[in-house]
Each structure stands twice: as C-alpha cells, then as structure tokens.
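Just so you know, the protein sequences line up as chains A and B, in that order.
At the far end of the first sequence sits residue 100, using the UniProt record's numbering, and the numbering has no gaps.
At the far end of the second sequence sits residue 298, using the UniProt record's numbering, and the numbering has no gaps.
Even glycine gets a Cβ: it sits at the ideal position worked out from N, Cα and C.
Predicted model only: the values in this text are computed from it and were never measured.
This report concerns only the one structure given below.
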Amino acid sequence: MKNNLISIEDICVFHKIEIGFVQSLEEYGLIQTTIIKKTVFLDYDELTKLEHYIRLHRELEINLEGLHAIAHLLNQVQNMQQEITFLKNEINYYKHFNLH
Amino acid sequence: MEYIDYYKILDINKNASADDIKKAYRKQARKNHPDLNPGNEEANKKFQQINEANEVLSDPEKRKKYDKYGKDWQHAEQFEAQQQQQRQYQSQGNSGNGYSSYSGGFGGDDFSDFFSSMFGGGGRSSRQSPFKGQDYNAELQLNLLDAYTTHKQTLTVNGKQVRITIPAGVENGQKIKLSGYGAAGANGGPPGDLYLTFKIKDDARYKRKGNDIYVQEDVNLYTALLGGEKIVETPTGKVKLKIAPETQPDTTLRLKGKGFPVYKKENQFGDLYIKWQVKLPTNLNAEQKELFEKLSKL
Chain A
1 MKNNLISIED ICVFHKIEIG FVQSLEEYGL IQTTIIKKTV FLDYDELTKL EHYIRLHREL
61 EINLEGLHAI AHLLNQVQNM QQEITFLKNE INYYKHFNLH
Chain B
1 MEYIDYYKIL DINKNASADD IKKAYRKQAR KNHPDLNPGN EEANKKFQQI NEANEVLSDP
61 EKRKKYDKYG KDWQHAEQFE AQQQQQRQYQ SQGNSGNGYS SYSGGFGGDD FSDFFSSMFG
121 GGGRSSRQSP FKGQDYNAEL QLNLLDAYTT HKQTLTVNGK QVRITIPAGV ENGQKIKLSG
181 YGAAGANGGP PGDLYLTFKI KDDARYKRKG NDIYVQEDVN LYTALLGGEK IVETPTGKVK
241 LKIAPETQPD TTLRLKGKGF PVYKKENQFG DLYIKWQVKL PTNLNAEQKE LFEKLSKL
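What follows is the structure in structure tokens.
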C-alpha cells in the first residue's frame with residue numbers, strides 16, 4: 001500500500017505549488033489524501049487528477065470554484081459518453097437482429 | 001509546408017496589443033485545452049496551434065520577425081536573414097513569456113515545420129519545469145469471443161513491446177488507461193498514459209447486449225411439433241437442450257449465467273438467450289404432401 005503513495009510535500013516541491021492548494025482541492029472533494037503518522041500522502045491514482053487541476057489552475061487561471069464546476073461537468077460528460085457507447089452497442093444489436 | 005496565419009488562429013487583427021494577444025490566447029485555450037476536451041484529437045491539435053501562435057506573437061522579437069518575413073518565408077534571401085536572426089535568438093535564450101505547456105505535449109517536435117523554419121529548434125522558450133509525458137490514444141480490435149475470456153496481448157506502443165491483460169467482459173467502445181505507457185516526461189517528469197479503446201467486432205453467431213448473449217438456432221418442424229432434443233453450441237461449449245412439444249416459432253429459452261462475463265466481477269455472468277427458428281420442410285415428396293393434406297383435413 002505504501003508503495004503506491006507519494007508525499008504531498010514531494011509533489012509540492014516537484015510541481016512548485018503551495019501545500020494550501022492541495023489542501024483546498026481536498027476540502028472541495030476533488031482529490032483524496034491519506035495521512036500516515038502525521039504525513040500527508042497522495043495515492044498515485046490521485047496524482048493524475050491533481051496534475052490535471054494544477055494545469056487548469058496555472059494555464060487557464062481557473063480558481064477552485066471553477067475547478068469544482070469543471071470536475072462536475074467533466075464527470076457528466078464522461079457519464080454521457082459511456083451512455084452513448086452503451087446505446088450505440090444496443091443499436092448495433094437491433095440492427096443485426098432486425099428487431100424493433 | 002504552408003504559411004500559418006497566427007493572427008487568424010488567435011482570431012485577432014495585426015494591430016493587436018500584447019494584452020489583446022494574451023486575452024485571445026486565454027479565450028482560445030479555455031475552449032481547446034486538452035484537459036477540458038479529453039479524447040478530442042481536433043481540440044488537441046487546435047491547442048497546439050494556439051500555443052504556437054502565442055509563442056510567436058507574445059514575444060515582441062519573434063512577432064516582429066514573423067510580421068516581416070512570415071508571408072514570404074520561402075524566399076532564399078529572407079531565409080538567410082532568418083538564420084542570422086535565429087543565431088541571435090539562440091544567444092538570447094528564453095523569451096520567458098509563455099505559459100507552461102499542457103501535460104508535456106509540447107516538445108519541440110510538436111511545433112509546425114513552418115515554426116521550425118522561421119525560428120529553428122532553439123527559437124522557442126526552453127521549459128525547465130518537469131512535465132508529465134504526452135498521453136497516447138490507441139484502438140485495439142478484438143473478436144467478440146476474445147472479449148469473453150481474460151487474456152494477455154502484446155502491443156507495440158511507440159516502438160516498445162507492451163504486454164497487457166485484457167479483462168473478460170470488456171465492451172465495444174470501452175476505454176482503459178494504462179498508466180505510464182505514454183510518451184516520456186520532460187525534465188524528469190513522469191511518463192504519460194496510454195488510453196486504449198476496445199473495438200469489438202460483430203460475431204456471425206452470437207449477438208451481445210450488455211452482458212447477455214443472443215443466439216438464433218434452427219429447429220425442424222417435426223421436433224418443434226413433437227418435441228425432442230438439440231445440441232447447441234455456446235461460448236463455453238456444447239449443451240444438450242430439450243425442446244418441448246408444440247414449440248412455437250421465435251420461442252426464446254433463457255440459460256441463466258451462460259452469457260457474457262461481467263467486467264471485473266469474478267464469477268458473474270449474464271444470460272444466454274436461444275431463440276428457436278422453426279424451419280419448414282422444403283422439396284416435399286408425393287408421400288409427404290399426401291400426409292400433410294391428410295393432416296390438414298383431420
């Protein structure tokens with residue numbers, strides 16, 4: 001388990017970001033951290049999400065409220081894309097069996 | 001190699017101020033940023049163009065050179081002048097005015113040939129921050145029955161052999177992420193990821209709907225009328241099925257748990273539906289016809 005964790009401090013140094021930014025993202029429920037012996041860690045799976053928010057914040061100057069809204073909308077887009085895939089597969093099924 | 005109109009890309013006029021360029025860049029970047037358009041290759045390409053346009057127009061020296069030589073960049077005389085200027089740029093080093101590029105997708109190679117010929121490889125801002133490598137997207141075609149079992153496949157990604165496990169039950173159009181199989185990171189950053197989309201080919205016999213499988217099976221008139229047995233092929237092997245007397249055409253039989261495996265749920269399967277297609281006899285001989293006639297008069 002510990003092998004999959006990376007300390008927040010290391011990430012902040014690496015990406016040159018304030019630790020407060022990471023804390024705020026967690027407060028907004030956008031990422032999840034793990035505390036082990038008073039040290040805050042991030043799971044590797046969460047790292048991609050964090051880097052995604054760092055890019056949006058830095059490159060497009062999107063504030064935390066904006067990031068929260070974007071996360072929600074991207075989640076909706078992803079769900080809709082999955083639904084489209086599911087519906088396309090359904091249509092394909094009916095096309096082949098000529099069922100109506 | 002075509003001339004690229006950076007002003008057009010940013011949708012600004014030639015007299016645009018530095019502030020106008022910054023605003024236009026931000027506006028376009030918000031629309032086309034790859035993080036806001038996952039899987040959208042067109043937006044990704046557009047974002048690269050926007051970055052390239054911004055790289056040039058936000059740097060007064062590069063903009064001056066672009067304005068002066070841009071349209072007639074192919075003229076030899078101007079090439080000479082460009083090269084002279086290029087050396088000058090290289091000695092000047094960073095422009096220091098660019099935004100950091102997205103997820104490492106902007107190595108020098110991502111700039112157009114036009115950009116390279118105008119400004120050379122050293123003409124762009126050098127970026128020292130570590131960036132994650134570019135994510136790759138790929139498609140993998142599978143036969144329907146390949147998706148029935150968990151199996152391994154070796155793919156060639158960017159010249160490297162990658163052996164991956166494909167879990168049973170993947171669906172057509174489903175995308176999975178293979179962390180770290182993208183392009184190498186820049187300045188010590190981590191590698192990007194590989195997003196693999198499964199394209200599952202239609203099967204002549206089995207039709208899949210979610211986790212259920214549908215099959216049409218022929219049964220002759222006599223078995224449909226009088227009942228009997230039939231051996232039917234399923235994805236897991238042959239099964240012997242009883243056919244009840246007076247089975248009607250299109251009667252569907254459900255074999256619970258004989259359908260497709262549920263993705264990443266061990267020992268969970270959909271159902272298998274078998275529809276009986278009653279086939280009427282053809283080319284009847286005289287005796288058969290006579291018997292059917294007798295039967296019709298009973």
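Going by DSSP, what residue range makes up the beta strand (DSSP E) through residue i?
{"i": "T282 of chain B", "result": "No beta strand (DSSP E) holds T282 of chain B; DSSP gives it neither H nor E."}
{"i": "R208 of chain B", "result": "K207 to K209"}
{"i": "G237 of chain B", "result": "G237 to I243"}
{"i": "F41 of chain A", "result": "T39 to D43"}
{"i": "E217 of chain B", "result": "D212 to N220"}
{"i": "F260 of chain B", "result": "Careful: F260 of chain B lies outside any beta strand (DSSP E) and carries neither H nor E."}
{"i": "H33 of chain B", "result": "No beta strand (DSSP E) holds H33 of chain B; DSSP gives it neither H nor E."}
{"i": "R171 of chain B", "result": "Before going further, note that residue 171 of chain B is Glu rather than Arg in the sequence given. E171 of chain B -> no beta strand (DSSP E), and no H or E assigned at all."}
{"i": "E246 of chain B", "result": "Unbroken run through E246 of chain B: none, as it is neither H nor E."}
Please report how far the alpha carbon of residue i lies from the alpha carbon of residue j, in whole angstroms.
{"i": "L194 of chain B", "j": "L221 of chain B", "result": "54 Å"}
{"i": "I243 of chain B", "j": "G257 of chain B", "result": "20 Å"}
{"i": "G169 of chain B", "j": "Q81 of chain A", "result": "19 Å"}
{"i": "K207 of chain B", "j": "V262 of chain B", "result": "16 Å"}
{"i": "A184 of chain B", "j": "K240 of chain B", "result": "55 Å"}
{"i": "K23 of chain B", "j": "N267 of chain B", "result": "56 Å"}
{"i": "G107 of chain B", "j": "V56 of chain B", "result": "Its pLDDT being 35, under 50, G107 of chain B is placed unreliably by the model, and the measurement read from it follows with that caveat. Between G107 of chain B and V56 of chain B, the C-alpha separation is close to 16 Å."}
{"i": "T85 of chain A", "j": "E139 of chain B", "result": "15 Å"}
{"i": "L30 of chain A", "j": "R26 of chain B", "result": "24 Å"}
{"i": "S296 of chain B", "j": "G173 of chain B", "result": "53 Å"}
{"i": "E18 of chain A", "j": "L25 of chain A", "result": "11 Å"}
{"i": "G104 of chain B", "j": "G133 of chain B", "result": "Bear in mind that a pLDDT of 35 at G104 of chain B, under 50, signals an unreliable position, so the number given afterwards is only what the model happens to contain. Near 5 Å, if we compare the C-alpha coordinates of G133 of chain B and G104 of chain B."}
{"i": "G96 of chain B", "j": "V77 of chain A", "result": "A caution first: G96 of chain B carries a pLDDT of 34, below 50, which makes its placement in the model too unreliable to give a value."}
{"i": "K201 of chain B", "j": "I36 of chain A", "result": "47 Å"}
{"i": "N51 of chain B", "j": "N37 of chain B", "result": "16 Å"}
{"i": "T223 of chain B", "j": "D250 of chain B", "result": "14 Å"}
{"i": "I21 of chain B", "j": "D35 of chain B", "result": "22 Å"}
{"i": "S101 of chain B", "j": "H52 of chain A", "result": "Residue placement at S101 of chain B is poorly supported in this model, since its pLDDT is 35, which falls under 50; the coordinates still yield a value, given next. S101 of chain B and H52 of chain A: Cα-Cα distance of roughly 12 Å."}
{"i": "I6 of chain A", "j": "V13 of chain A", "result": "12 Å"}
{"i": "T282 of chain B", "j": "K294 of chain B", "result": "18 Å"}
{"i": "L253 of chain B", "j": "D271 of chain B", "result": "10 Å"}
{"i": "N13 of chain B", "j": "R63 of chain B", "result": "13 Å"}
{"i": "K95 of chain A", "j": "N89 of chain A", "result": "10 Å"}
{"i": "N44 of chain B", "j": "R30 of chain B", "result": "12 Å"}
State the start and end residues of the unbroken alpha helix (DSSP H) segment that holds residue i.
{"i": "A138 of chain B", "result": "Not the alpha helix (DSSP H): A138 of chain B falls in the beta strand (DSSP E), residues Y136 to L142."}
{"i": "K62 of chain B", "result": "P60 to Y69"}
{"i": "Y6 of chain B", "result": "Y6 to L10"}
{"i": "V56 of chain B", "result": "E41 to L57"}
{"i": "K289 of chain B", "result": "A286 to K297"}
{"i": "L25 of chain A", "result": "I19 to E27"}
Anything in chain A within Cβ reach of residue i, meaning under 7 Å, just list it in chain order.
{"i": "D35 of chain B", "result": "H52, R55 and L56"}
Return the residue from the list the options that minimises the CA-CA distance to residue i.
{"i": "E9 of chain A", "options": "A:F41, A:L25, A:G66 and A:L60", "result": "A:F41"}
{"i": "L74 of chain A", "options": "A:N92, A:K49 and A:Y93", "result": "A:K49"}
{"i": "L142 of chain B", "options": "B:K199, B:K152, B:V157 and B:Y136", "result": "B:K199"}
{"i": "S17 of chain B", "options": "B:L178, B:N54 and B:G185", "result": "B:N54"}
{"i": "K264 of chain B", "options": "B:G133, B:E171 and B:N51", "result": "B:E171"}
{"i": "residue 302 of chain B", "options": "B:P191, B:L145 and B:L144", "result": "Residue 302 of chain B is absent from the structure shown; chain B starts at 1 and stops at 298."}
{"i": "E229 of chain B", "options": "B:D59, B:G182, B:P245 and B:N40", "result": "B:P245"}
{"i": "N137 of chain B", "options": "B:K177, B:A286 and B:L284", "result": "B:K177"}
{"i": "N15 of chain B", "options": "B:D67, B:P249 and B:R205", "result": "B:D67"}
{"i": "E181 of chain B", "options": "B:D203, B:T247, B:L145 and B:T156", "result": "Reading off the sequence shown, one finds Tyr at residue 181 of chain B, where the question assumed Glu. When each option's Cα is compared against that of Y181 of chain B, the closest is B:T156."}
Chain B partners of residue i, CB-CB under 7 Å?
{"i": "I8 of chain A", "result": "Residues of chain B passing the Cβ test: none, with the nearest at roughly 16 Å."}
Just to make sure I have the definition right: I need the residues of chain B whose C-beta is within less than 8 Å of the C-beta of residue i. Which are they?
{"i": "I70 of chain A", "result": "L36"}
{"i": "Y93 of chain A", "result": "K207, R208, K209 and Y214"}
For residue i, go through chain A and note every residue whose CB falls closer than 9 Å to its CB, in chain order.
{"i": "A29 of chain B", "result": "E59 and L60"}
{"i": "E171 of chain B", "result": "T85, F86 and N89"}
Which chain A residues sit within Cβ distance under 8 Å of residue i?
{"i": "R26 of chain B", "result": "L60 and E61"}
- Query: Any contact of the stretch 273-286 of chain B with the stretch 213-231 of chain B, i.e. 3+ C-beta pairs under 8 Å?
  - Reply: With the cut-off at 8 Å, the stretch 273-286 of chain B and the stretch 213-231 of chain B touch.
- Message: So, does the stretch 155-163 of chain B touch the stretch 5-24 of chain B, judging by three or more C-beta pairs under 8 Å?
- Response: Not touching, per the Cβ criterion.
- Message: Counting beta carbon pairs with one atom in the stretch 147-154 of chain B and one in the stretch 56-65 of chain A, are three or more of them shorter than 8 Å?
- Response: At 8 Å Cβ cutoff, the stretches do not touch.
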